[in-house]
Every structure is written in C-alpha cells, then in structure tokens.
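Q:
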Amino acid sequence: MTITRSKRKFSSIKNEDVELDVANTESNADFLLKTKIEENNGIVKTESEKAFRNKIPESLELPESFKEKHIPEFTTAINMILKEDPSLYSIIVAQEFQAVLKTKWDQIRKSTLQDFYQRLGISIIAQQISGSAARSIEKKVIALLGDDQGKFPSYIKMNELFRTDKDIKTNMRTCGLSVRKCDYIESLTDFFVSRGDELMDLIQQGLQNAEKEDFKLESSNDEEIISLLVDNIKGIGIWSARMFLMSGLLRVDVFSGEDVGIARGFSIYAKDKVDIMQEMKLKVKERNVNGSQAKKKRKAKTTKKSQLGYYDIDVMEEYASRFSPYKSVFMFVLWRISNPDICKTLMLEKEFLKKDM
1 MTITRSKRKF
11 SSIKNEDVEL
21 DVANTESNAD
31 FLLKTKIEEN
41 NGIVKTESEK
51 AFRNKIPESL
61 ELPESFKEKH
71 IPEFTTAINM
81 ILKEDPSLYS
91 IIVAQEFQAV
101 LKTKWDQIRK
111 STLQDFYQRL
121 GISIIAQQIS
131 GSAARSIEKK
141 VIALLGDDQG
151 KFPSYIKMNE
161 LFRTDKDIKT
171 NMRTCGLSVR
181 KCDYIESLTD
191 FFVSRGDELM
201 DLIQQGLQNA
211 EKEDFKLESS
221 NDEEIISLLV
231 DNIKGIGIWS
241 ARMFLMSGLL
251 RVDVFSGEDV
261 GIARGFSIYA
271 KDKVDIMQEM
281 KLKVKERNVN
291 GSQAKKKRKA
301 KTTKKSQLGY
311 YDIDVMEEYA
321 SRFSPYKSVF
331 MFVLWRISNP
341 DICKTLMLEK
351 EFLKKDM
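If you're matching positions, the sequence shown starts at 1 in the UniProt record's numbering and goes up one per residue.
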C-alpha cells in the first residue's frame, strides 16, 4: 500500500512508498483460519480467505477481547459501520486497531507540547521517503541534536540553534535532510515558539471534552486546528494535519481522500456498489453546480498496474459522510481493504503509526 503525503494544493499529489519487513508476519496473522506464509519475493499469501471472510456472526457482536482493548467510542463507531455494511466484520476484527487502543489514549492524554512538536517533526522527516530511510534520518537527527536520553531535540533548543548557529542547517543536512525539510523544521520550530500555546489550548479543549463525555472524541475545533497548522507551518499540508488529528489526537471524524491507499481501498470496496456510487456522483455534481461547496476538481490517478478506477476525492468524501461522526474508523478499514494481503496491510498500519509517534 502506498501512503501519500499531500501538498497544499490538491492538484499536486506525490506518493511515498513505505517499505515493510514481512519476515515476521505469522504473529500478526493468527486471526486467520488457515494461514500459510510462502517465500515468494517477500509476498505473504493466505489460504481459506473465503472461509475467513464468511465467518461473520449473525448478531455482528464484537468479541469481548476486541472491545476491551479499544476506547469505548471506537466500539460505538464499529457498530455503526457494521450496521451500514456487515460484510466488513471479518476485516475489522482481524486484529486490533493500533490508533484507537486504550493505551494510545493514555499516551495522548499525558502528551506535552514537546511531544506534539516531535510528532510533527518526525512527520516532516518522513515525507516523500521510505519508512526505513525516515527512521535512519530520525536517528541521526537525534544523535546530532537530541538530548542525553536519546530523545528528539526540543523546540526550545532548536529555536536557539536556528537563531545563533549559522551552520545549523548545514549540519542537519549531514543527517540526510534536504534543504527544504530543514526549512520546514525551522518553520515548525518558529510556530511552536510563537503559537504553541494556542495549539495546546485547542488540543486540551478536545481532550477535556472527551473525558467529560466518555471518550466522545469528535470535536468542533478540528478545522480550527487544521487551519492553524496548514496556514502557519511550511511543509504541513491538509493530509499531514488530518493525520495529526487522527493518529495524534484520536479524532474519529477525519477523512482524507487524498491518500492513494485510501483511494485504492475505496475502489475495491465500491466495485460492487455501482448504484450507490452513481448516487454519490450526482450529489457531488449537484452541490458543485449549486456552488454551496464548490471545490476545485481533484482526481486521484489510476494506476495501470491495478487498473482500479479511483473515484474523485469529492465522491469518496461524500460516501464517507455516511459514517460520520466516525469517518476516521471507516478510513482505517479502507486501509485494510486496499491491500488484498491482509497480513501485510496490518503491518503497514503499525508502520504508519510508528512514523507519527
């Protein structure tokens, strides 16, 4: 599956391939009835897929062990999605969703402004390169600029270096960072120094509301956070901001149709939903004609390899709205659908979340 980093303009979408180590896949695939890992250029193949997909309980009741691991609202979200489409049951319960585990919530609740600086800094480092390359550069940056405990450099330290050390960007480039990414990290640092408290206030509002309402993680200030990040930090576009909301703050009503993996998963998911897709297209067309939500036409490219007819981003977002206020959860499901090799897709989810840690 390909993770796409979106620039500020939707018409300029570039792709990033994430490399995966599939050598130790068996532990991630114990949910299958029969699984067989074959050495075939690193490709994992599964047996009895039909039986696996057909093993859906009539009640659609989620396993207790599955529910216990996730935040309460996630169970509510999954029940809503399954009510809309029961066929998704098997791929949903295949394995826990790393982004919405209770342990993840505990981490976010204790996060500091520095933690969010680190999250966005690593996100910038990871843009347009493979996962292994991103980890290598991150380690070098920490070795060069981090603290004695091996942690990502603080925005306070980086601000001081950008102001006083004329060679700081040259030194950063020895870690493998491009000139542009050095500029992006400087912009990120400036933002956290000058407006970090503003971002933290918005984040705290959402977290406090969630705790008051039993993990109800939808928030009215999502767009405010996105605008704050995109308008003030070079290198942080719509895609990065939405991923920050989803994986960094556990916001469950975020959908990003700009992602090629999501587009691929949606195409697979929608291939037998011709009538519904036609209905979505007509809704988008009518809305654009009326000018109520006029948007510049944005189309994901069709890959010749898969011959999948990717849908217009507006159409995907229109369909995803059926799952509001839990669009993020539907997006996680689409990531799993995007790769017929379920085992590899599950590892990709973990790889993606590591990038945002």
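Think of the CB as a built atom: it goes at the ideal place given N, C-alpha and C, for glycine as much as any other residue.
Less than 8 angstroms between C-beta atoms, sequence neighbours within five positions excluded: which residues of the same chain meet that for L228?
A: Around L228: R195, E198, L199, L202.
Q: Between K169 and C182, how many whole angstroms is the CB-CB distance? I'm expecting something under 8 angstroms.
A: With 8 angstroms as the limit, K169 and C182 qualify as a contact, their Cβ atoms being about 4 angstroms apart.
Q: Consult DSSP for L177 and reduce its assignment to one of helix, strand or coil.
A: In the structure shown, L177 sits in coil (DSSP, three-state: anything other than H, G, I, E or B).
Q: Out of M80, P72, L88, which has the shortest C-alpha to C-alpha gap to P57?
A: Here the closest residue by C-alpha is L88.
Q: Which residue wins for smallest C-alpha separation from D231, given the options Y184, T164, K69, L282?
A: For D231, the nearest C-alpha among the options comes from Y184.
Q: Under 8 angstroms: do the stretch 322–332 and the stretch 74–93 share three or more Cβ pairs, one atom per stretch?
A: The stretch 322–332 vs the stretch 74–93: in contact.
Q: Buried or exposed for S65, going by 16 or more other Cβ atoms inside 10 Å?
A: By the neighbour-count rule (16 or more Cβ atoms within 10 Å), S65 is not buried but exposed.
Q: Kindly indicate which three-state DSSP category S27 falls into: helix, strand or coil?
A: Confidence at S27 is low in this model, with a pLDDT of 29, below 50, so the placement of that residue is unreliable and no value is reported for it.
Q: How many angstroms separate the CA atom of V179 from the CA atom of S59?
A: Straight-line Cα distance between these residues: approximately 56 angstroms.
Q: Using the Cβ count rule (16 or more neighbours within 10 Å means buried), how would you classify L120?
A: Buried, by the Cβ-count rule.
Q: Could you tell me whether any Cβ in chain D is nearer than 7 angstroms to the Cβ of S256?
A: As a matter of chain content, chain D is missing from the structure shown, which is built from one protein chain.
Q: Would you mind giving the Cβ-Cβ distance between L250 and I108, rounded to the nearest angstrom? I have them listed as a contact below 8 angstroms.
A: The pair is a contact, with the Cβ atoms about 6 angstroms apart (cut-off 8 angstroms).
Q: What's the C-alpha gap between E224 and Q205?
A: E224 and Q205: Cα-Cα distance of roughly 12 angstroms.
Q: Using the beta-carbon count (16 or more within 10 Å), is K9 buried or exposed?
A: At K9, the pLDDT of 33 sits below 50, so the modelled position is not reliable; the number obtained from the coordinates is stated separately. Under this definition K9 is an exposed residue.
Q: How about G261 and W335: do their beta carbons lie closer than 7 angstroms?
A: Contact flag set, yes.
Q: Is the CB-CB distance between K234 and S187 below 7 angstroms?
A: Yes, Cβ-Cβ distance for K234 and S187 is below 7 angstroms.
Q: Which two residues bound the contiguous alpha helix (DSSP H) that contains S328?
A: Note, S328: alpha helix (DSSP H), 327–337.
Q: Taking the alpha carbon of Q114 as the point to measure from, which residue in Q278, P325, D147, D259 has its own alpha carbon closest?
A: That would be D147, whose Cα lies nearest to the Cα of Q114.
Q: Provide the residue span of the alpha helix (DSSP H) that contains S90, from first to last.
A: Per DSSP, S90 belongs to the alpha helix (DSSP H) from 89–93.
Q: Evaluate Q278 with the Cβ neighbour count: other Cβ atoms within 10 Å of its Cβ, from every protein chain shown; 16 or more gives buried, anything less gives exposed.
A: Exposed, because fewer than 16 other Cβ atoms sit within 10 Å of the Cβ of Q278.
Q: Using beta-carbon positions only, say whether I268 and I313 come within less than 7 angstroms of one another.
A: No.
Q: Nearest CA to the CA of M246: which residue from T75, I276, A99?
A: Per the Cα distances, A99.
Q: For L62, which three-state DSSP category applies?
A: Of the three classes helix, strand and coil, the one that applies to L62 here is coil, per DSSP.
Q: The alpha helix (DSSP H) that contains D251, what's its start and end?
A: As written in the sequence, residue 251 is Arg, which differs from the Asp given in the question. It is not in any alpha helix (DSSP H) - R251 carries neither H nor E in the DSSP assignment.
Q: Assuming T112 contacts Y155 (C-beta within less than 8 angstroms), just tell me the rounded distance between them.
A: Actually they do not touch by this definition, with Cβ atoms about 11 angstroms apart.
Q: According to DSSP, simplified to helix, strand and coil, what is D147?
A: Residue state, collapsed to three classes: coil.
Q: Can you tell me which of the three DSSP states D85 falls into?
A: In this structure, D85 counts as coil in the three-state DSSP scheme.
Q: Does DSSP classify D231 as helix, strand or coil?
A: It is helical.
Q: Does the distance from the CB of V193 to the CB of N221 come in under 7 angstroms?
A: No, the Cβ-Cβ distance between V193 and N221 is not below 7 angstroms.
Q: From M316, L207, I276, pick the residue whose C-alpha is nearest to that of F266; which is it?
A: Among M316, L207, I276, the Cα nearest to that of F266 is on M316.
Q: Roughly how far, in whole angstroms, is the beta-carbon of I137 from the beta-carbon of F152, given that I think they are within contact range, below 8 angstroms?
A: Wrong, their Cβ atoms sit about 12 angstroms apart, outside the cutoff.
Q: In angstroms with no decimal places, state the Cα-to-Cα distance between Q128 and A134.
A: Rounded to the nearest angstrom, the two C-alpha atoms are 9 angstroms apart.
Q: Alpha carbon to alpha carbon, what distance is there between K285 and T103?
A: In a straight line, the C-alpha of T103 is about 43 angstroms away from that of K285.
Q: So, with DSSP's three-state summary, where would you put D167?
A: The answer is coil: DSSP assigns D167 none of H, G, I, E or B.
Q: Where does V333 land, buried or exposed, given buried means 16+ other C-beta within 10 angstroms?
A: Label assigned to V333: buried.
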